[in-house]
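Everything on this sheet refers to the single structure shown next.
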Amino acid sequence: DGGITQSPKYLFRKEGQNVTLSCEQNLNHDAMYWYRQDPGQGLRLIYYSQIVNDFQKGDIAEGYSVSREKKESFPLTVTSAQKNPTAFYLCASSISSGGKETQYFGPGTRLLVL
Amino acid sequence: ILNVEQSPQSLHVQEGDSTNFTCSFPSSNFYALHWYRWETAKSPEALFVMTLNGDEKKKGRISATLNTKEGYSYLYIKGSQPEDSATYLCASKGNKLVFGAGTILRVKS
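Line order of the protein sequences matches chains P and H.
Using the numbering used here, the letters of the first sequence map in sequence onto residues 34 to 147.
Using the numbering used here, the letters of the second sequence map in sequence onto residues 36 to 144.
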C-alpha cells in the first residue's frame, strides 16, 4: 500500500533536548511538507521540499530544521531553540508543489514537553 | 479577508439532516481551493480541488461550490450520517497555501 508514515505517534521532549520526527513516503512524490497544528488554528507550514537536497522555510521555521537526502524521507528536528514545541505535527507529500496538487498526509506525531 | 476562515467552528446535527459550512479566503491572487476531511485518529484525506469561479464538485452526498470573485466556498452534506463526523478543512492557494482552522462536524444517530 502506498502512503505516508510518521513515527513516533507520541514523542516527549525534555528541556534543552533536540528531537527528530520521522516522515517516510512511498508515493514517489517530489514535494514534501511539515505542518504544525495548535488548538483552534489552521495547519501552519514549517518547512517544505520540492525536490531532493532542497528545502525552503515555511511560515514558522524558527526552532526547526529538516533534511531531504532521499526522495522518500523528510525528517523534522525540533531543536532546543523552539520554545513552544508542544503541538501536533503533520507531514504531507504531493506530486509537485504547484498548488492544485492534492496533498497526502501522514497520521501525525504529537510532541509533548516534559 | 487576509486569512482563510471557516464557519461555523463546530456543528452538531442529527442523522439525516443536511448541513453546510463555509470557507472564506482572499480573492486576490487566487489559484486553487482544497477541501479535506479529517477523521479522528486518521490522516486528512482530500475531498475536492477547485480552481474556477462557479466550479461545483460532488462526491456521493458531499458537494462543494466555489466563488472566487467574492472569496468563498460552501461544502454541503446531504442526509448526514454518523460516519460523516470529522473535521472539514479548507485550504486556499494564492501566493501560498493557507489552511483554515476547520469545521468540526458531529452527526448523532
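For glycine and all other residues, C-beta sits at the position ideal for the given N, C-alpha and C.
With a threshold of 8 angstroms between beta carbons, is residue i in contact with chain H?
i: Q115 of chain P; result: no
i: L6 of chain P; result: Look at the range of chain P in this structure, 34 to 147, and you will see that residue 6 of chain P is not part of it.
i: G132 of chain P; result: yes
i: F138 of chain P; result: yes
i: T135 of chain P; result: yes
Only counting the same chain, and skipping five residues up and downstream in sequence, which positions put a Cβ closer than 8 angstroms to that of residue i?
i: K116 of chain P; result: G96
i: T53 of chain P; result: P108, L109, T110, V111
i: K103 of chain P; result: V85
i: W73 of chain H; result: P79, E80, A121, T122, Y123, L124, G137
i: Y81 of chain P; result: A64, M65, Y66, W67, F88, Q89, G91, S130
i: V48 of chain H; result: T54, S115, L140, R141, V142, K143
Name the residue from the options whose alpha carbon lies nearest to the alpha carbon of residue i.
i: F83 of chain H; options: H:T103, H:E74, H:S98; result: H:S98
i: W70 of chain H; options: H:S108, H:S42, H:I139, H:T103; result: H:S108
i: T103 of chain H; options: H:F56, H:V142, H:T57, H:Y66; result: H:Y66
i: D63 of chain P; options: P:G49, P:G91, P:G131; result: P:G131
i: F121 of chain P; options: H:A76, H:L140, H:L132; result: H:A76
i: K131 of chain H; options: H:F60, H:K93, H:Y111; result: H:F60
Note down, in chain order, each residue of its chain lying with its Cβ closer than 7 angstroms to the Cβ of residue i, except the 5 sequence neighbours on either side.
i: E134 of chain P; result: S127, I128
i: S62 of chain H; result: T103, K104, E105, G106
i: S55 of chain P; result: Q39, S40, P108
i: D119 of chain H; result: I112, L140, V142
Looking at the secondary structure, which residues open and close the beta strand (DSSP E) in which residue i lies?
i: F56 of chain H; result: 54-59
i: L147 of chain P; result: L147 of chain P -> no beta strand (DSSP E), and no H or E assigned at all.
i: I139 of chain H; result: 138-143
i: I148 of chain P; result: Residue 148 of chain P is absent from the structure shown; chain P starts at 34 and stops at 147.
i: K90 of chain P; result: 87-90
i: N102 of chain H; result: 97-102
i: F121 of chain P; result: 120-127
Please list the partners that residue i has in chain B, where partner means a Cβ-to-Cβ separation under 8 angstroms.
i: G135 of chain H; result: The structure shown contains no chain B; its protein chains are P and H.
Between residue i and the rest of its own chain, which residues show a CB-CB distance below 6 angstroms, the 5 nearest in sequence each way excluded?
i: Y43 of chain P; result: R143
i: Q136 of chain P; result: A125, S127
i: G51 of chain H; result: G114
I think residue i touches residue j, with their Cβ atoms under 8 angstroms apart; what is that distance to the nearest whole Å?
i: V39 of chain H; j: G135 of chain H; result: 4 angstroms
i: S115 of chain H; j: S42 of chain H; result: Incorrect: roughly 17 angstroms between the Cβ atoms, too far for contact.
i: Q70 of chain P; j: L123 of chain P; result: 6 angstroms
i: T38 of chain P; j: G141 of chain P; result: So it is not a contact: roughly 11 angstroms between Cβ atoms.
i: S113 of chain P; j: Q50 of chain P; result: 6 angstroms
i: N88 of chain H; j: L68 of chain H; result: That belief does not hold up - the Cβ atoms of N88 of chain H and L68 of chain H are roughly 11 angstroms apart, past 8 angstroms.
Compare the C-beta of residue i with all C-beta atoms of chain P and state if any pair is closer than 8 angstroms.
i: V39 of chain H; result: yes
i: K77 of chain H; result: yes
i: Y66 of chain H; result: yes
i: L132 of chain H; result: yes
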